[in-house]
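Residue numbers (my numbering): 54 to 223.
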C-alpha cells in the first residue's frame, strides 16, 4: 500500500521560498532530502521542475503536474491532475510530494507522512507552506541540527504521521 509522503523545508513563519528559489542553501537539508527521496517517485509542480538545478532528480521517477496542456519537459512524466499523479504511483511503496506551494496545498490532506525541515529563522518569502492541523499528526522524529560552517541556520528535522488518515486507523 502506498505511503504518500510530503517533504519540505520551511522558515519560522512557514516560508517556502521567493522568486521560485529555496529560502537558503543548507547542505545538511539537501543531503537529507536526497537520502529520504532517492529510489522513490517525486511529484512536483512545473515551477519546482523549472527551478531544479539538475533535471531530472537522479535515482527518482520525476512526475510533473502542470495545467499547461502543451508543456514539453524532458526526462520526466507530465500529467495534469492530482488524480493522474496518484494513479501513476498507486503501486509504489512510497512517493514524495516535493512542491511547490500550490502542489503542497492540493496534497496536504491526502498524505500519510510529513517530513519537515524547520529552519530556525525568518525569511522574506512570496510562497508559504499550507496550514497544517497538527491535531491530526503525531510527531515521530525531531532531530536538532545545529548551525555550522556549511549550514548558516539551526534546523529541526521532523517526521510526522497522519494518525487520522483512514489507512493509519486500521
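By construction, the Cβ of each residue, glycine as well, lies at the ideal position given by its N, Cα and C atoms.
Spatially closest choice to residue 177 from 97, 59, 61, 65, by CA coordinates: Closest by alpha carbon: 65.
Between the alpha carbons of residue 104 and residue 192, how many angstroms are there, rounded? When rounded, the distance between both Cα atoms is 30 Å.
I need the boundaries of the beta strand (DSSP E) containing residue 210, first residue and last residue. For residue 210, the uninterrupted beta strand (DSSP E) run begins and ends at 208-215, by DSSP.
What did DSSP end up calling residue 131 once you bin it into helix, strand or coil? In the three-state scheme derived from DSSP, where H, G and I count as helix and E and B as strand, residue 131 is classed as strand.
How would you call residue 88, buried or exposed, if buried means at least 16 neighbouring beta carbons within 10 angstroms? Classification for residue 88: exposed.
Check whether the stretch 183-197 and the stretch 68-76 touch, using three or more Cβ-Cβ pairs below 8 Å as the test. No, because fewer than three Cβ pairs between the stretch 183-197 and the stretch 68-76 fall closer than 8 Å, the two stretches do not touch.
Quick one: Cα of residue 139 to Cα of residue 211, how far? Residue 139 and residue 211 have their alpha carbons spaced roughly 24 Å apart.
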